[in-house]
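The opening position of the sequence shown corresponds to residue 1 in full-length UniProt numbering, with each subsequent residue numbered one higher. Glycine residues also receive a C-beta, built at the ideal position from the N, C-alpha and C atoms. The model shown is predicted, which means the values in this text are computed figures rather than measured ones.
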Amino acid sequence: MKAETFKPSPALSAYIENYMLFDIDWRNVTEISNIWRLIPYGKVAMFFHYGDTYEYSFQGALEPMQRENRAILVGPLTKPVWMKFTGHSRLINIQFKSCGAQAFVPINMAELRNWPSLDLLAVWGSPVNEFLEQLEESPSDTDRIIKLNSFLEKRLLPQPDLIDYVDYTIQQLKANNGTLSIKGLEQKLGISTRQLERLFLVKIGVSPKKMGKLIRLNSAFTSLQTNPDISLTTLSYDAGYYDQSHFCRDFKSITGTEPTKLLSKNTNELFITHGGSFVQPGTTILPS
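Here it is in structure tokens:
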């Protein structure tokens with residue numbers, strides 16, 4: 001089993017956070033579950049499979065699943081997706097920065113909301129298959145990263161030299177754990193709340209309010225990981241909620257489970273969020 005993280009080339013670093021390469025032969029792996037639950041965290045990802053693809057479902061791990069395409073864009077999610085791996089998984093996960101995907105795929109991200117499988121063949125055509133063959137035939141992961149940088153640099157679209165209101169707002173939301181008043185940014189940004197929301201929907205696929213909620217709930221995931229004994233009262237309050245029942249509803253809406261059950265030892269799943277991992281005690285956490 002191998003999971004490694006690489007940085008993109010300087011030309012791509014403004015749009016991509018990192019690459020993660022996975023090489024897992026599930027026939028020989030017992031230390032982690034082959035069922036992963038992807039939790040929304042407000043960003044878009046891209047996958048290139050040069051091994052066996054996974055199956056996915058929005059309904060649950062035991063429900064009928066659909067086979068994934070080999071090269072895909074995972075749109076912005078507002079609910080969990082279950083992924084089941086079999087065979088020999090060999091893939092690259094490209095983790096975009098908040099607005100990064102639009103630098104390569106000029107699509108209104110709101111149209112891709114909760115769309116976990118946009119086939120990149122429909123976007124970039126036959127060069128995608130040629131690139132997948134190159135990944136499969138590459139002698140090393142370092143060579144794969146060189147080829148990946150080259151492939152993406154050729155598809156980088158011209159970027160307008162404009163003030164990035166969306167990126168600035170996300171920075172402020174993160175700095176305030178998602179609790180920032182969007183209305184209060186109007187004067188500083190010089191645009192209306194409605195204009196900002198339109199920009200968010202186009203570039204990210206969710207509203208500023210929804211993004212703030214995802215940031216707060218992902219912060220709660222981190223708190224649970226670092227302190228499994230944290231009380232529900234403290235957890236909800238730290239996430240900006242004064243009503244526990246409201247917090248639990250929001251938490252379940254994007255995770256599919258209640259916070260008190262997330263760390264259950266009976267849960268045979270690997271929870272993926274933050275672009276990294278979050279799991280119950282006793283299992284391996286893949287590097288983020």
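Who are the Cβ neighbours of N108 in its own chain at under 7 Å, not counting the five residues just before and after it?
Sequence index remark: in the sequence shown, residue 108 carries index 108 (1-based). Correct list, in chain order: V202.
Taking the continuous beta strand (DSSP E) assigned at T273, which residues delimit it?
Residue numbering aside, residue 273 sits at position 273 when the sequence shown is read from its first letter. Counting along the chain, the beta strand (DSSP E) containing T273 begins and ends at 270-273.
Thinking C-beta only, is Y165 closer than 7 Å to L214?
Walking along the sequence shown from the start, residue 214 turns up at place 214. Walking along the sequence shown from the start, residue 165 turns up at place 165. Going by beta carbons, L214 and Y165 fall outside the 7 Å limit.
State the Cα-Cα distance for the pair K261 and G125, rounded to the nearest angstrom.
In the sequence shown, residue 261 corresponds to position 261, counting from 1. In the sequence shown, residue 125 corresponds to position 125, counting from 1. Straight-line Cα distance between these residues: approximately 44 Å.
Per DSSP, what are the beta-bridge partners of H88 in this structure?
As a first step, residue 88 must be located in the sequence shown, where it is residue number 88. Looking at the DSSP assignment, H88 forms a beta bridge with D25.
On a CA-only basis, which of H49, A61, G60 is nearest L73? Give me that one, please.
On the sequence shown, residue 73 is found 73 positions in, with the first residue counted as 1. It is H49.
Have a look at S98 and T193 and give me their C-alpha separation to the nearest angstrom.
Taking the first residue of the sequence shown as position 1, residue 98 is located at position 98. Taking the first residue of the sequence shown as position 1, residue 193 is located at position 193. Their backbone Cα atoms lie some 19 Å apart in a straight line.
Indicate the three-state DSSP secondary structure (helix, strand or coil) for Q172 in the structure shown.
The residue you call residue 172 lines up with position 172 of the sequence shown. The answer is helix: DSSP assigns Q172 an H, G or I state.
Cβ-based burial, Q280 [other Cβ within 10 Å; buried from 16]:
Position 280 of the sequence shown holds residue 280. With a pLDDT of 38 at Q280, under the threshold of 50, the modelled position of this residue cannot be trusted, and the question is left open.
Between the CA atoms of E186 and I146 - distance to the nearest angstrom:
Locating residue 146 in the sequence shown gives position 146, where the first residue counts as 1. Locating residue 186 in the sequence shown gives position 186, where the first residue counts as 1. Counting only the Cα atoms, E186 lies some 42 Å from I146.
What are the boundary residues of the alpha helix (DSSP H) that V128 is part of?
Taking the sequence shown and counting its residues from 1, one reaches residue 128 at position 128. Element bounds for V128: 127-137.
Distance, G212 Cα to K174 Cα:
Sequence index remark: in the sequence shown, residue 174 carries index 174 (1-based). Sequence index remark: in the sequence shown, residue 212 carries index 212 (1-based). If I take the Cα positions, the gap works out to 8 Å.
Can you give me the Cβ contacts of G51 inside the same chain, cut-off strictly under 6 Å, excluding the 5 residues immediately before and after it?
If you number the sequence shown from 1, residue 51 lands on position 51. The residues are H88, S89, R90.
If distances are taken between C-alpha atoms only, which option among L148, A61, E68, P127 comes closest to I94?
On the sequence shown, residue 94 is found 94 positions in, with the first residue counted as 1. It is L148.
Look at the alpha carbon of T179 and the alpha carbon of E130, and state the distance between them as a whole number of angstroms.
Position 179 of the sequence shown, counted from the first residue, corresponds to residue 179. Position 130 of the sequence shown, counted from the first residue, corresponds to residue 130. Using only the alpha carbons, I get a separation of about 45 Å.
For the candidate residues Q102, N177, E111, whose alpha-carbon lies nearest to that of R155?
Taking the first residue of the sequence shown as position 1, residue 155 is located at position 155. Minimum Cα distance to R155 is reached at Q102.
Would you list the residues sitting across from T179 in a DSSP beta bridge?
Working through the sequence shown from its first residue, we reach residue 179 at position 179. Beta-bridge annotation (DSSP): T179 is not paired with any residue.
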